[in-house]
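Notes follow once the structure below has been shown.
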Amino acid sequence: MKLIQINPYVRFARVQKTARRRLMVGLDHRLFWCAYGEGEITVQGQAYPMTPSTLLFVQSGTPYQYTSETDDMVFYAYNFDLFYEQENVGEPIPYVFAQNYRPEMRIEQNIDEKLHGLPNIIYLQNFYKKEIFQDIINEYNRKEVYYNERCGALLKDLLICAMRASCEEKTALQKNQGETILSYVRENFDKPISNASVAKYFSYHENYLNQILKEQTGYTLHRYLLEYRITMASSLLRSGEYTVSEVAEKVGFSNVFAFSKSFKKLTGKAPTSYLPK
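For what it's worth, my numbering labels the leading residue of the sequence shown as 10, then goes sequentially.
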């Protein structure tokens with residue numbers, strides 16, 4: 010099921026300050042948007058600073074707590090379902106303390122199956138949508154005809170905007186990570202580096218490392234490194250300053266036979282054909 014197919018049901022909307030600091034779990038989903046001041050909400054052990062225009066989405070069943078030292082933060086908060094299937098449970102549903110929580114207590118079950126890829130947490134700074142957040146509060150408080158429908162439509166718009174911003178932020182982060190990895194490879198291509206050694210250097214899983222590079226270059230780390238080494242080798246060979254064996258060593262090959270085989274595979278020619286006549 011796609012995000013466009015959700016039909017949110019806003020069960021509770023309010024403006025509040027930080028409150029109880031014990032670890033708690035929402036049985037429906039939570040969305041927080043900081044309007045004024047500064048604070049902090051910790052989710053699954055990670056602290057998220059809340060400053061004006063910061064958004065935090067917490068999926069139901071995810072432990073969270075307010076961990077600010079002061080109550081300076083004023084935020085808009087919403088309790089909701091992603092699908093309009095439990096509107097009969099109309100009253101606000103209080104959180105439960107973490108030690109009392111059981112998964113079967115969640116209002117919506119199998120959300121991961123319904124919306125594959127929906128993160129447990131969305132955290133965005135500089136999310137400027139105050140008018141929409143305020144409109145939801147106003148609709149909920151006035152309770153005019155069709156207020157539930159309009160609250161849901163406004164929240165759906167917010168969630169789609171938040172997911173879009175989250176994807177763009179992730180793409181930008183991966184691009185920056187990719188550039189850092191590629192710079193490292195280009196600086197160390199003449200050394201015996203590998204998927205495992207580069208992943209360890211950056212504290213990434215090897216699969217994640219290759220995912221970043223494939224999205225940015227179309228190549229795995231191994232293929233990118235090989236292409237770069239052969240490109241550098243071609244220039245060195247054409248200079249006429251080094252023998253084939255010397256070039257092989259300078260671009261990081263352990264022996265000239267492996268170098269010659271890789272060179273011919275990528276260029277279609279033997280290394281000697283690049284030497285000046």
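Cβ atoms here follow ideal geometry from the backbone N, Cα and C, with glycine treated the same way.
query                                                                                                         : result
Buried or exposed (CB count within 10 angstroms, at least 16 for buried), His-38                              : buried
Selection from Thr-27, Arg-20, Trp-42, Ser-271 that minimises the alpha carbon distance to Tyr-137            : Trp-42
Check whether Thr-229 and Asn-219 have beta carbons under 8 angstroms apart                                   : yes
DSSP bridge partner residues for Gln-25 (one or two, in chain order)                                          : Phe-84
Whether Ile-120 touches Leu-91 by CB criterion (8 angstroms)                                                  : yes
Sub-8 angstroms separation of Val-260 and Phe-198 beta-carbons                                                : yes
Beta-carbon proximity check, Glu-279 vs Phe-268, cutoff 8 angstroms                                           : With the sequence shown as reference, residue 279 is identified as Ala, and Glu is not the correct amino acid for it. Contact flag unset, no.
Residue burial classification, Ser-271 (beta-carbon count within 10 angstroms, cutoff 16)                     : buried
Of the listed residues Gly-70, Pro-61, Phe-262, nearest to Leu-234 (C-alpha basis)                            : Phe-262
Top-ranked residue by Cα proximity to Leu-127, from Leu-40, Gln-68, Gln-53                                    : Gln-68
Cβ separation of Asn-93 and Gly-161, assumed to be a contact under 8 angstroms, to the nearest whole Å        : It is Tyr, not Asn, that sits at residue 93 in the sequence shown. Yes, Tyr-93 and Gly-161 are in contact; Cβ-Cβ is about 7 angstroms, under 8 angstroms.
Neighbourhood of Tyr-156 by C-beta, 6 angstroms cutoff - its chain only, sequence neighbours within 5 removed : Glu-148
Nearest candidate by alpha-carbon position, reference Leu-64, set Ala-208, Ala-107, Ser-175                   : Ser-175
Exposure label - Asn-30; buried when at least 16 CB within 10 Å                                               : The question names Asn, yet the displayed sequence has Arg at residue 30. By the neighbour-count rule (16 or more Cβ atoms within 10 Å), Arg-30 is not buried but exposed.
Collapsed DSSP secondary structure at Val-98 in the structure displayed                                       : coil
Contact check, Gly-35 vs Asn-88, beta carbons under 8 angstroms                                               : yes
Given Gln-14 as reference, the closest of Ala-56, Arg-20, Asp-166 once Cα atoms are compared                  : Asp-166
Whether Thr-60 touches Gln-143 by CB criterion (8 angstroms)                                                  : no
Contiguous alpha helix (DSSP H) assignments of at least 4 residues, all confined to the stretch 216-259       : 230-248, 253-259
Ile-146, DSSP secondary structure in three states                                                             : helix
Test item: CB-CB of Pro-112 and Arg-20 under 8 angstroms                                                      : no
Glu-224, buried or exposed, once every other Cβ within 10 Å from all chains shown has been counted against 16 : exposed
Pairwise C-alpha distance: Met-241 and Arg-232                                                                : 14 angstroms
Boundaries of the beta strand (DSSP E) in which Arg-115 is found, first to last residue                       : That residue, Arg-115, is in no beta strand (DSSP E); it is neither H nor E in DSSP.
Identity of the residue in Ile-141, Val-154, Tyr-193, Glu-153 nearest Ile-169 by Cα                           : Ile-141
6 angstroms Cβ shell around Glu-117 - same chain, five flanking residues per side excluded                    : Asp-90
Nearest to Ala-86 (by Cα), restricted to the options Asn-109, Ile-50, Tyr-110, Gly-277                        : Ile-50
Cα-Cα separation between Lys-152 and Phe-84, rounded to whole angstroms                                       : 21 angstroms
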